[in-house]
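Residue numbers (UniProt numbering): 1 to 100.
Note that beta-carbon positions come from the ideal geometry of N, C-alpha and C, so glycine has one too.
Single-structure report; data block below.
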């Protein structure tokens, strides 16, 4: 039955109604999963990634300063302590503009 997900032919000899319902529902599920995977893969291949991801605190500081992102932090989180102790002006701006 796994071959039905990969669009392989199914040769089944039993003609009872319960078997037909089971095989029919399995084929429908296989069709839905296969088409969903194909559509998702196609959407990832047709559109390039948009923008550079934020990986460091400096990238976050630049994004907050330019206004494209907001920084939300809970008090007591180690990142807040890092920003409080940082002498860097960009990181200090991130600390001031962050929402707590």
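| Asked | Found |
| --- | --- |
| Which residues DSSP lists as bridging residue 80, in chain order | Looking at the DSSP assignment, residue 80 forms no beta bridge with any residue, so it has no partner. |
| Short Cβ contact (8 Å threshold) for residue 71 with residue 77 | no |
| CB-CB length for residue 7 against residue 34, believed under 8 Å | 7 Å |
| Proximity winner among 46, 66, 56 and 20, relative to residue 83 (alpha-carbon distances) | 56 |
| Span of the alpha helix (DSSP H), counted from its first residue to its last, around residue 56 | Per DSSP, residue 56 belongs to no alpha helix (DSSP H) and is neither H nor E. |
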